[in-house]
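Participant: One structure coming up, written as structure tokens, with questions to follow.
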């Protein structure tokens with residue numbers, strides 16, 4: 001899917017674990033199917049998972065998560081990844097990698113959420129709790145700047161999608177989002193990639209964990225509203241919005257973020273990642289259905 005991506009298989013992971021963590025050397029290694037684009041994931045025995053960056057652009061996320069997840073976790077209402085082992089580059093793999101505790105759950109499917117109102121409340125509580133986290137030395141979020149910073153990339157994606165989606169409608173909604181007042185408050189924490197693939201549910205659709213904090217940081221928190229369109233049905237968006245406490249301007253920026261991310265993803269992953277491409281189509285459709 002990306003330039004410089006490595007082919008990572010179970011035999012390589014077994015060798016890395018043996019050399020770095022001999023106490024876990026006998027545990028079975030099984031590759032996990034995932035629509036993720038940044039990391040390869042392997043189950044290590046019943047209680048652990050190995051996560052390795054797949055390309056150079058994902059390497060910085062490894063140390064970012066090691067540094068920040070232990071500091072964020074205590075204030076959050078659901079489980080997040082817990083680093084338990086730090087793998088280092090060696091002659092078999094050029095980058096750092098991590099071992100985490102296994103988190104049970106499954107990714108919810110947009111359009112087939114089991115308990116949408118409950119999930120909307122729980123996702124809202126997670127976003128609100130993350131925003132309350134106080135860390136004076138927090139890094140800037142990957143998507144924490146003004147929405148206008150996405151304009152060139154979004155319009156390029158619109159040009160690529162001409163004839164494949166309603167680009168006139170998408171453009172009108174994008175321009176409406178750009179016209180929303182910018183964030184003027186203090187920067188606060190956001191996950192910044194709150195998509196179905198980074199949400200885990202269990203026990204009748206209850207939110208059990210949020211994973212992949214590689215994009216997390218402080219900035220405009222509107223980016224975490226994207227889950228209202230990429231996962232939650234329209235009937236419970238108001239429930240989620242109330243739980244987060246978003247005003248009209250923030251809600252408009254959040255909808256713009258959801259649209260921009262989906263527009264950029266769709267042509268890029270059209271053939272290489274069917275799951276992400278389908279969710280991008282779903283998100284665009286949800287935004288278009290709301291009107292301008």
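In full-length UniProt numbering, the protein residues as written are 1 to 292. Just so you know, even glycine gets a beta-carbon here, dropped at the ideal spot from N, CA and C.
1) State the start and end residues of the unbroken alpha helix (DSSP H) segment that holds residue 120.
2) By Cβ distance, which residues of its chain are closer than 6 Å to residue 180, with the 5 residues on each side in sequence left out?
3) Go ahead and pull the three-state DSSP assignment for residue 143.
4) Report buried or exposed for residue 47, applying the criterion of at least 16 other Cβ atoms within 10 angstroms of its Cβ.
5) Look at the alpha carbon of residue 130 and the alpha carbon of residue 189, and state the distance between them as a whole number of angstroms.
6) Rounded to whole angstroms, what's the CA-CA distance from residue 152 to residue 231? Just pull it up for me.
7) Report the three-state DSSP secondary structure of residue 29 (helix, strand or coil).
8) Indicate the three-state DSSP secondary structure (helix, strand or coil) for residue 79 in the structure shown.
9) Taking DSSP as the reference, what is the three-state secondary structure of residue 217?
10) For residue 215 versus residue 143, is the C-beta distance shorter than 8 Å?
11) Tell me the DSSP secondary structure of residue 163 in three-state form.
12) Taking 8 Å as the cut-off, decide whether the C-beta atoms of residue 161 and residue 288 are in contact.
13) Please confirm whether residue 41 and residue 29 have their CB atoms less than 8 Å apart.
14) Within the same chain, show all residues whose beta-carbon is closer than 6 Å to that of residue 20, passing over the 5 residues directly before and after it, in chain order.
15) Can you name the start and end residues of the beta strand (DSSP E) that residue 271 belongs to?
16) What is the DSSP secondary structure of residue 95, reduced to helix, strand or coil?
17) Locate the beta strand (DSSP E) running through residue 42, then write down its first and last residues.
18) Using a Cβ-Cβ cutoff of less than 6 Å, which residues in the same chain neighbour residue 244 once the five nearest sequence positions on both sides are dropped?
Facilitator: Inspection of the coordinates gives the following:
1) 116–132
2) 249, 252, 253
3) Correct three-state label for residue 143: coil.
4) By the 10 Å Cβ count, residue 47 comes out exposed.
5) 6 Å
6) 26 Å
7) The answer is strand: DSSP assigns residue 29 an E or B state.
8) strand
9) In the displayed model, residue 217 falls within a strand according to three-state DSSP.
10) yes
11) coil
12) No. Outside cutoff.
13) no
14) 87
15) Segment: none, residue 271 is in no beta strand (DSSP E) and carries neither H nor E.
16) Under the three-state reduction of DSSP output, residue 95 falls in the coil class, being neither helix nor strand.
17) 39–44
18) 124, 127, 128
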